[in-house]
Structures are given as C-alpha cells and as structure tokens.
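Worksheet: the structure to be examined is printed underneath.
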Amino acid sequence: SERLVEALQQTCGAAAQIEVIPVKHKDMDINEYDRNIVKIAIDEWDFDQYEEAARYVNREGFGLVLLQYEFGIWPVAHVLCFASHVKTRLITTVHTVARTYAMEEYHAYIVQLAAISHKITVMTELMRWTLESFHGIPGHRIAVIPHGVPDRPLSRNQGTRRQMNFHKRKIIMTNGLIHGYKGIEYMIQAMPRILTKHPDALYLIEGKPHPGGWGVQGYYSTLKKTATDLGLIGSSVIFNNEFSEFSVLLQKLDDAYIYVNPYTDHTQSVSGTVAMALSAGSTIVSTPYPYAVENLNNGVGIFVPFRDSNKLAETIIDLLDHPAQVVKHNFAAHHYAQNMTWPKVGQMHIDLARSIH
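The sequence shown begins at 242 in this note's numbering and counts up by one.
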C-alpha cells in the first residue's frame, strides 16, 4: 500500500488528497501508522466501523476508493458492507481468484463484490479469465493491473566486490511470509547435492512465519530441524527470522545468484515476492503455478516440477556451472519488470478511474 500511495501521489500531484484506511487488529495502535495518510482505521471484526469508514469517505468527498481485498483474511461480509455504503467510484483489487465452484462462499462473495464495484482489478490475465469463465463476471467489468515493483536500474552484485551479504558465497534466496505451501523443505533437501559441486553455495531463507496461517510455527520448526539433521544450519542454510528494511531486501536480492520459488500450491494467483525478484533482475527458479507461468515464460525464469528436490538441485547446479546463463536471466527478468513499475501501476489505476462514467 505504501508504494501504491507514493505512485498515486506522483501521478496525481502534491495537491491530491490521498488517505489509507487500514483494517487492523483491535489491539494495534493507530499511531503505528503514518498519521499523515491514516486518519481513521477499522478494527478487523467491528462491523459498525466498516460502515462508519464508508460514511467518512462520503463525508470527505473522495472521488475514488481503491479497495484491496484478500479472501480469507478480512471478514468479507464486513467488507461488502463498507463497499455497498461508499457513494463514489469504487475499484476493488482481488488478490486471490479461486478456480473452482466448490468454494461456494468465495463464488457468492466475489460476485457481490463485482456487482457493487465499478471495476474489479486482478494482477494476471489468467485471473481475469477465471473470473469471467468460472464466476460469470462480465469481462468489461474486469481490468488487469500487474503487481507493482520498484522502478530501479539493474544492479547485480553476485560474485563481485559489491556483494555485501555473505561475501564470496553463492547465495540462493527465498523470502516472504513462511507457510506450508512455500516448498522450502524441497530446496533444503536439494542443498547437499548442490554443495558437492558448489561448496560455496548458501541457501538464505528470509522472512517470518505467516502470522495468520495454520501450523506455520510447526512448519518453520520442521524446516530448521531438517537443515540441522543434514548438518547445514548456520553454515549452508541460513534462517533470517525477520523482515529486512526495503533497501536491505533489495541489496540481498541484488547479491543473490539465484532466487528460488518452489511453491507447492498449484493454484497460487499472485506472488509479490516473485514480482520483487523480477524488479531486481533475479535469476528465478520456480515451480509452474499460475502466477509464475504467466510471468516467467519465454526465458524470463526457469521452471522445475513441484516437490522435486532432485530437479531443483540439477537446475541450480547447471546455472551455477554456467554464470553466463545467470546473467542472461538477470537481463530478461529486469526487462520484463519494466511494465510493472509502481509509477506505471499508479497511472493505470488513475486511467481506469477516469474511464468510469
């Protein structure tokens, strides 16, 4: 949200009034947010506050509401209450699109959100197709706006004196919220074979267990136990249980030889971590879930089968054996990301809003 706000301010100019209304845990202090852009907030489960937030929007005379919705995180009936009471242009971004009729609750709510919103935006063409073909939402109500990424020059540091993290080591990196669909265990299991050919390889797992996921602490503990049992933890497998500052994260992506994304979820709609890796010009090795297939095709990234440690090891060894291939993918990824930069994404939102009559 912070990056989108900056992009909208850049597009609309300094005189534009742009505010964020976060949905927060009831124990979270609103003063933890930037009070220049957060005037009010909503306690997650307080139904009345959603309606009051809509009244605030109407009272302040905003000309556009961008609603960011992730199914399963916020109480959707409350979100529908907010959306239905807003009396201005409403564009809803849907972060997850289910490709099944079995999730009847999702189907019912997504249809209602589409009916209330002037436009629904999604981040891939496949998500658009799924809303249209599976959920019956008219195509003219749906727009594709990609996941935004930083607008920055290509600056690869791997194997150079500029590599600040784990100097002289070949970093293989995964980052983001850790949960059971990350597939990290398969990459850990691939490390012994990689180390036989490249003993200077290092697998960096950057990020905390997902705060809202079931069994994630147990999953994280199992990952650490697997690395310990293989004799790798602290030497060739590093867990960094925190979220780095934005600039530090970008530095780590620039330093990594390979960004590995071994998701086990065949239906994953969007990956912000992959989008960020693209902007850094990372060489990305990924399983072929929908977001990856749409964005890493045509030589942008490299695909490996789901749940296949041997293929992960084989692919990564081949890349480390051929550094020219790594550089080729660096350029391809960065070039692809130029159509996803935050300034362009901000402009896409404003252009879409202006098309609403």
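Glycine is no exception: its CB is placed at the ideal position from the N, C-alpha and C atoms. Everything numeric in this text was worked out from a predicted model, so none of it was measured.
Where the beta strand (DSSP E) containing residue 374 begins and where it ends: Not the beta strand (DSSP E): residue 374 falls in the alpha helix (DSSP H), residues 366-374.
Euclidean distance between Cα positions of residue 310 and residue 336: 6 Å
So, is residue 280 buried or exposed, given that buried needs 16 or more other C-beta atoms within 10 angstroms?
exposed
**Asked** Ends of the alpha helix (DSSP H) at residue 395?
**Response** Note, residue 395: premise wrong, no alpha helix (DSSP H); not H, not E.
Beta-bridge partners of residue 484, as assigned by DSSP: Residue 484 is not bridged to any residue.
If you measure between the beta carbons of residue 387 and residue 368, is that distance less than 8 Å? no
Start-to-end residues for the alpha helix (DSSP H) that takes in residue 437: 425-438
Quiz item: Going by alpha carbons, who is nearest to residue 382 out of 580, 359, 371, 419?
Solution: 359
Would you list the one or two residues that DSSP bridges to residue 361?
333, 383
Pick helix, strand or coil for residue 591, following the three-state DSSP scheme. helix
Would residue 265 pass as a contact of residue 283 if the rule is Cβ separation under 8 Å? yes
| request: Over the uninterrupted alpha helix (DSSP H) stretch that includes residue 561, give me the two end residues. | output: 550-562
- Task: Figure out for me which residue from 517, 305, 468 has the closest Cα to the Cα of residue 490.
- Result: 517
Residue 295 and residue 323: beta carbons closer than 8 Å? yes
Review point. Can residue 246 and residue 259 be called in contact, C-beta distance under 8 Å?
Key: yes
TODO: Taking only the alpha-carbon atoms, compute the straight-line gap between residue 452 and residue 242 and give it to the nearest angstrom.
DONE: 19 Å
| request: Kindly indicate the opening and closing residues of the beta strand (DSSP E) around residue 444. | output: 442-447
message = Whole angstroms are fine: how far does the CA of residue 528 sit from the CA of residue 370?
response = 21 Å
(Q) I'd like the list of long-range same chain contacts for residue 393, defined as Cβ closer than 7 Å, with 5 residues on each side in sequence excluded. (A) 520
Please classify residue 330: is it buried, with 16 or more other beta-carbons within 10 angstroms of its beta-carbon, or exposed? buried
Hey, how far is the Cα of residue 440 from the Cα of residue 426?
19 Å
Just to check my reading of the structure: residue 354 and residue 333 have Cβ atoms closer than 8 Å, yes? What is that Cβ distance to the nearest angstrom? 5 Å
Next item on the list: Specify the secondary structure class of residue 258 as computed by DSSP and reduced to three states.
Entry: coil
Could you check where the beta strand (DSSP E) with residue 514 kicks off and where it finishes? Residue 514 -> not in any beta strand (DSSP E); alpha helix (DSSP H) instead, spanning 513-520.
Next item on the list: Leaving out five residues on either side along the sequence, give the residues of the same chain with a beta carbon under 8 Å from the beta carbon of residue 549.
Entry: 427
Quick check: residue 583 and residue 244, are their CB atoms within less than 8 Å of each other? yes
* Asked: CA-CA distance, residue 304 and residue 404?
  -> 46 Å
Neighbour-count burial assignment, residue 477, 16 or more Cβ in a 10 Å radius:
buried
For residue 450, which of helix, strand or coil comes out of DSSP?
strand
Subject >> Extent of the continuous beta strand (DSSP E) run through residue 310 >> reply: 305-310
Closest to residue 423 by CA distance: which of 432, 447, 567, 407 is it? 447
Exercise for review: Find the nearest neighbour of residue 420 within the set 462, 389, 395, judged by alpha-carbon distance.
Suggested key: 462
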